[in-house]
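Worksheet for the structure shown next.
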Amino acid sequence: MPSNLGPSTGQRAPAIRRLGMADYESTWDRMRDFTLARTPSTPDELWQVEHPAVYTLGVAAKAEHLPRVDNGIPVVKTDRGGQITYHGPGQVVVYTLLDLRRRNLGVRALVRRLEQAVIELLKGYRIDATARDDAPGVYVAGAKIAALGLRVRNGCCYHGLSLNVSMDLAPFYVINPCGYPGLEVTRLCDLGIAEPAEAVAEKLLDRLAARI
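Numbering (the working numbering), first residue to last: 2 to 213.
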């Protein structure tokens with residue numbers, strides 16, 4: 002019988018919620034409300050979602066990283082770590098609502114596990130990917146394919162990661178992605194993978210549940 006306990010911590014694997022296409026700000030509100038209402042016994046959850054086009058600013062975002070042209074895409078200032086990124090259709094987003102104290106996980110250790118889950122997923126597609134010590138996320142030949150940003154309150158985290166599958170990359174070209182001028186971005190469909198975002202999401206959720 003398969004176990005529903007995480008192999009690394011002995012904790013129960015997070016429950017998975019598939020939200021489909023959902024507005025960013027309302028999803029963010031739900032994440033905060035969930036985290037504020039948590040008790041020590043509240044089960045952890047992973048929320049898989051796709052957002053309409055939106056730029057999100059982390060707490061470290063600077064004016065020079067903002068869109069250099071008005072392309073009509075809304076900009077939302079958030080409470081996550083990091084700087085600016087773009088979300089849009091064709092991107093897999095997974096929010097990690099976890100009690101880090103209960104799982105005996107530090108933020109840095111969680112970031113490494115999230116990155117490794119993406120790296121293992123890409124390895125299954127025969128794509129070599131790496132993480133960087135100086136810039137969280139996952140990279141293929143120097144181009145960023147997955148971004149991470151987290152917020153921790155009272156030992157519990159929310160926000161999470163995004164993986165570019167088949168999204169339009171043009172909105173990245175008018176910002177400094179994650180605060181890095183000239184940073185290249187890529188997506189699975191440019192690497193020879195034509196799998197739908199929904200199928201990629203299921204594989205990523207499996208990897209994350211195993212890692213967390």
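We treat Cβ as the ideally placed atom computed from N, Cα and C, and that holds for glycine.
This structure is a prediction, so every number in the text was calculated from the model and none was measured.
Secondary structure at residue i, three-state DSSP: helix, strand or coil?
i      : result
Asp134 : coil
Arg127 : coil
Tyr159 : strand
Glu185 : coil
Ser4   : Because the pLDDT at Ser4 is just 36, under 50, the model does not fix this residue reliably, and the value given afterwards should be weighed accordingly. Here Ser4 sits in coil by DSSP.
His52  : coil
Lys204 : helix
Looking only at its chain, what residues have a beta carbon closer than 7 angstroms to the beta carbon of residue i, apart from the 5 residues adjacent to it on each side?
i      : result
Val55  : Tyr25, Ile74, Pro75, Val77, His88
Met168 : Gly89, Pro90, Gly91, Gln92, Arg188
His66  : Gln84, Ile85, Ile176, Asn177, Gly180
Can the beta-carbon of residue i be found less than 8 angstroms from the beta-carbon of residue j?
i      : j      : result
Glu51  : Gln92  : yes
Leu149 : Leu115 : yes
Leu209 : Leu47  : yes
Val141 : Val119 : no
Arg13  : Pro44  : yes
Here's a check: name, in chain order, each residue in its chain whose Cβ is nearer than 6 angstroms to the Cβ of residue i, leaving out the five neighbours to either side.
i      : result
Leu189 : Val166
To which residues of the same chain is residue i closer than 8 angstroms at the C-beta, ignoring the five residues directly before and after it?
i      : result
Val1   : Outside the displayed span of the chain (2 to 213) sits residue 1, for which this structure offers no information.
Val70  : Val175
Leu206 : Ile17, Leu47, Gln49, Val95
Using DSSP's beta-bridge definition, name the partner residues of residue i.
i      : result
Ala100 : In the sequence as displayed, the identity of residue 100 is Asp instead of Ala. Asp100 is bridged to Cys157.
Gln92  : Asn165
Thr40  : Its beta-bridge partners do not exist; DSSP assigns none.
Glu46  : Ala16, Leu98
Inspect the CB distances between the stretch 150–167 and the stretch 77–88 and report whether three or more fall short of 8 angstroms. The stretch 150–167 vs the stretch 77–88: in contact.
Okay, do the stretch 27–42 and the stretch 156–174 touch, 3+ Cβ pairs below 8 angstroms being the bar? A contact between stretches requires three or more CB pairs, one per stretch, nearer than 8 angstroms, and the stretch 27–42 meets this requirement with the stretch 156–174.
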